[in-house]
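In the numbering used here, the protein residues as written are 238 to 652. Even for Gly, the Cβ is constructed at its ideal location relative to N, Cα and C. See below for the structure under consideration.
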Amino acid sequence: MNIICTGLWHILTGYGYQMISEDQKEAEVVKDSHVVTLVGKLAGGLGVQQRLPTVMVVAHYDAFGAAPSLSSGVDSNASGVAALLGLARLFSRLYRDVKQKPRSNLLFVLSGGGKLNYFGTKSLLEEDNDDLDSLIHSSDYIICLDSLAATAASQSHDQSHDPPHSLTVHVSKPPKEGSKAAVMLDLLNRSFSQLSSGPLRMVHKKIRLSDDLLSWEHERFSLKRLPAATISALCHHGDPRRQSMFVNSDHIDVEGLTQNVAALADGLARYLYNLSSLLGTEGEREGGERMATLPTVSSEYVSAWLDYLASHSRSPQLLTEDHPLVTGLYQAMSQSLQDVTKLVQRPEKSDPEFVLYHIPQTTLHAHKVKSPIFDLFVAVGVALYLCLWYSLIEFFPWSAVGFIPLPLKVKSSKS
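Listed below in structure tokens is the structure:
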């Protein structure tokens, strides 16, 4: 009983906050809704480019949050973008040397509309791109990067047995033993075991066609029967950090992210140079000599891109074709890659998959107010007070004589 009374007392005496916006106008629909996807490649040597095997690295660069102008997405997915740019910069040095150039193409994609059910990736697969279609549909494997920098403290409690900072490989279908996909994942697993925090953990999740939204970006490729996986520090697609505005630089482990990028580069290089076929002591020594020439990953470069991406709101309606961030990403890819293309992708006007709204700039005021229950109690008290006086006057008029002044009768005298 004491607890109930205490709770009621706190409700009556407590305060709440009421938010009022200066601008009461409704948000207007963006007439020219579009997303921008950036594609660049490194062409392999000794062969016709379209006939060489291709490995794709994909990351979406937009973010999502309740307040679009505050959605910077430091981990989701700025960390994936920083990792992709770091890989592009590293492998561009290898591909410049004719003697070291692998016999495989590398295709890098910064997709737009990742928070719009991966619309940029969907358009890339469905639209006619003569130069890209053959490379995409002949890919040996497609690696999607998403949220690679979550700290150990933020890992899910149900994964407490995993090593700190360990990453997860999300797949729609486990690869068959001996397939190119299995070889790729095995090499990546070895590289992460040696250079990062531990081996990769595989999570198999089937695609539900009845769901309105896909869980991971690789599912767009899996629907087209292309071998793909998403590498992430998050163990579950429903992790709230993927759509949070409150993950800042303090939650990011730059050194751990740099190690993850180095492990990715090592595993990719081993696959591109076909080092999986080297067996025995001689093969391991030859592979080690080959990997010794691999450039190192710069933590300063990764950190600089994280800071730059975190300083910009990356909500989809802001990232237009001429947005400074999109221009900066395009220039960064052009410095490392060949034939960088900016694809502007629009939804169908008759049946659009998404509708974007302009972001009005306004000031939000917070007013300290009593709770609605307090107003209810005051109203009940006033009603009871009035009922009491009404009852006294109606049924006991003599009791109100001393409280209510009676009008005086004045006699007029005739002169």
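Where the beta strand (DSSP E) through residue i begins and ends
| i | result |
| --- | --- |
| K607 | 601 to 607 |
| N314 | From DSSP, N314 is part of no beta strand (DSSP E); its letter is neither H nor E. |
| K359 | It is not in any beta strand (DSSP E) - K359 instead sits in the alpha helix (DSSP H) that spans 356 to 363. |
Run of the alpha helix (DSSP H) containing residue i, from where it starts to where it stops
| i | result |
| --- | --- |
| S371 | 367 to 374 |
| Y594 | Here Y594 belongs to no alpha helix (DSSP H), and DSSP marks it neither H nor E. |
| G504 | 491 to 509 |
| D544 | 536 to 547 |
With 16 other Cβ atoms within 10 Å as the buried cut-off, status of residue i
| i | result |
| --- | --- |
| G310 | buried |
| I489 | buried |
| G517 | Low per-residue confidence applies at G517: pLDDT is 46, beneath 50, and the placement is therefore not dependable enough to give any value. |
| N314 | buried |
| D395 | With a pLDDT of 43 at D395, under the threshold of 50, the predicted position of this residue should be treated as unreliable, and no value is reported. |
| K262 | exposed |
| H595 | exposed |
| M293 | buried |
| L361 | buried |
| R330 | exposed |
| V484 | buried |
Nearest-angstrom Cα separation, counted from residue j out to residue i
| i | j | result |
| --- | --- | --- |
| A616 | W626 | 16 Å |
| E519 | I444 | At E519 the pLDDT is 48, less than 50, meaning the model places this residue with poor confidence and gives no usable figure here. |
| V346 | G277 | 7 Å |
| E454 | L613 | 51 Å |
| K579 | K586 | 21 Å |
| G317 | I373 | 20 Å |
| E492 | S416 | 33 Å |
| I248 | I610 | 7 Å |
| P305 | S552 | 5 Å |
| Q287 | T274 | 21 Å |
| D222 | F301 | This structure gives no information on residue 222, because the portion of the chain shown stretches from 238 to 652. |
| M256 | A603 | 5 Å |
Short Cβ contact (8 Å threshold) for residue i with residue j
| i | j | result |
| --- | --- | --- |
| T358 | R457 | yes |
| A280 | S573 | no |
| F356 | Q554 | no |
| P339 | L501 | no |
| S348 | H297 | yes |
| L404 | S469 | yes |
| S486 | A419 | no |
| D299 | G251 | no |
| S571 | V577 | yes |
| S409 | S341 | no |
| L385 | L494 | yes |
| L601 | S258 | yes |
| R507 | S428 | yes |
| V539 | L327 | no |
| C472 | V440 | yes |
| L432 | Q496 | yes |
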